[in-house]
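Basically our numbering = 1-based index in the sequence shown + 334.
Here's the structure, in structure tokens; my notes come after.
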Amino acid sequence: MEGSLCHEFQTDLPVSVVWEVYRSLALGELVPQLLPQVLSKVELVEGDGGAGTVLLVTFPPTGTSGPASYKEKFTVIDNEKYIKEATVIKGGFLDLGFQKYVVRMEIVQQEDGTTIIKSTIEYKVDAEHASNASLISTGALAAIAEAITKYIKEQKTGPQALE
335 MEGSLCHEFQ TDLPVSVVWE VYRSLALGEL VPQLLPQVLS KVELVEGDGG AGTVLLVTFP
395 PTGTSGPASY KEKFTVIDNE KYIKEATVIK GGFLDLGFQK YVVRMEIVQQ EDGTTIIKST
455 IEYKVDAEHA SNASLISTGA LAAIAEAITK YIKEQKTGPQ ALE
């Protein structure tokens, strides 16, 4: 069974400013700070933030039997089209019968000058574990888009912006 889910978040920030955060390793540092209920830690395993970079992503303790962490590899970093893709390579959904779990983030400039943060999850799960597809949600990606946008705006208007 294959499928995909998509979430779009609109902001008035310039596409280049949003991309600067999304393309960098800073995203992995910011999310645990801004949303500790979503991710507790993101560690660099190898790479420099470009394609081929591997991260270890750790979830906060939940008391349930779900995966505690996963490793993801950046497979696409396109600085012209503002696209970043990360593929889970170990743990996480792969431990739940998924054969593929890819998150794609696209930062899209709209004609009206606004920016869309488009987050897509593509997955493939074996027939035996098809019911696990119901576990997939864009909720965390939506929360991240909102938190990162708020963070960028606060940085632009806070004391640092005056320096």
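Even for Gly, the Cβ is constructed at its ideal location relative to N, Cα and C.
Since the model is a prediction, treat every value here as computed from it, not as a measurement.
What first and last residue would you give for the alpha helix (DSSP H) that runs through residue i?
i	result
valine 372	It is not in any alpha helix (DSSP H) - valine 372 carries neither H nor E in the DSSP assignment.
Give the secondary structure of residue i by DSSP, where H, G and I count as helix, E and B as strand, and everything else as coil.
i	result
leucine 347	coil
isoleucine 441	strand
glycine 426	helix
serine 338	strand
leucine 378	strand
alanine 385	coil
leucine 390	strand
isoleucine 478	helix
threonine 483	helix
If I follow the unbroken beta strand (DSSP E) through residue i, where does it start and stop?
i	result
alanine 402	Per DSSP, alanine 402 belongs to no beta strand (DSSP E) and is neither H nor E.
lysine 415	From DSSP, lysine 415 is part of no beta strand (DSSP E); its letter is neither H nor E.
threonine 449	449 to 459
Once the 5 residues before and after residue i are set aside, which same chain residues still bring their CB inside 7 angstroms of it?
i	result
proline 493	Because proline 493 carries a pLDDT of 47, less than 50, the predicted location of this residue cannot be relied on, and no value is offered for it.
valine 410	Ala385, Ile417, Lys418, Glu419
aspartate 429	Pro401
I'd like to check one pair, residue j with residue i: are the Cβ atoms closer than 9 angstroms?
i	j	result
glutamate 456	arginine 438	yes
valine 351	isoleucine 451	no
lysine 405	valine 379	yes
phenylalanine 432	valine 442	no
leucine 499	threonine 387	One cannot answer for residue 499 here, as it falls past the ends of the chain, which runs 335 to 497.
leucine 389	alanine 474	no
isoleucine 486	phenylalanine 427	no
isoleucine 478	valine 365	yes
alanine 288	valine 436	Outside the displayed range of the chain (335 to 497) lies residue 288, so it cannot be described from this structure.
Evaluate residue i with the Cβ neighbour count: other Cβ atoms within 10 Å of its Cβ, from every protein chain shown; 16 or more gives buried, anything less gives exposed.
i	result
glycine 308	The requested residue 308 is not part of the displayed model; the chain covers only 335 to 497.
tyrosine 416	buried
leucine 347	buried
Excluding the 5 residues preceding and the 5 following residue i in the sequence, name in chain order all residues of the same chain whose CB lies nearer than 8 angstroms to its CB.
i	result
threonine 483	Phe343, Thr345, Leu347, Val352, Ile451
serine 338	Thr454, Ile455, Glu456, Tyr457
Could you check if residue i belongs to the surroundings of the ligand GDP, using beta carbon to heavy atom distance under 8 angstroms?
i	result
glutamine 444	Among the ligands in the structure shown, none appear at all, so the ligand GDP cannot be discussed.
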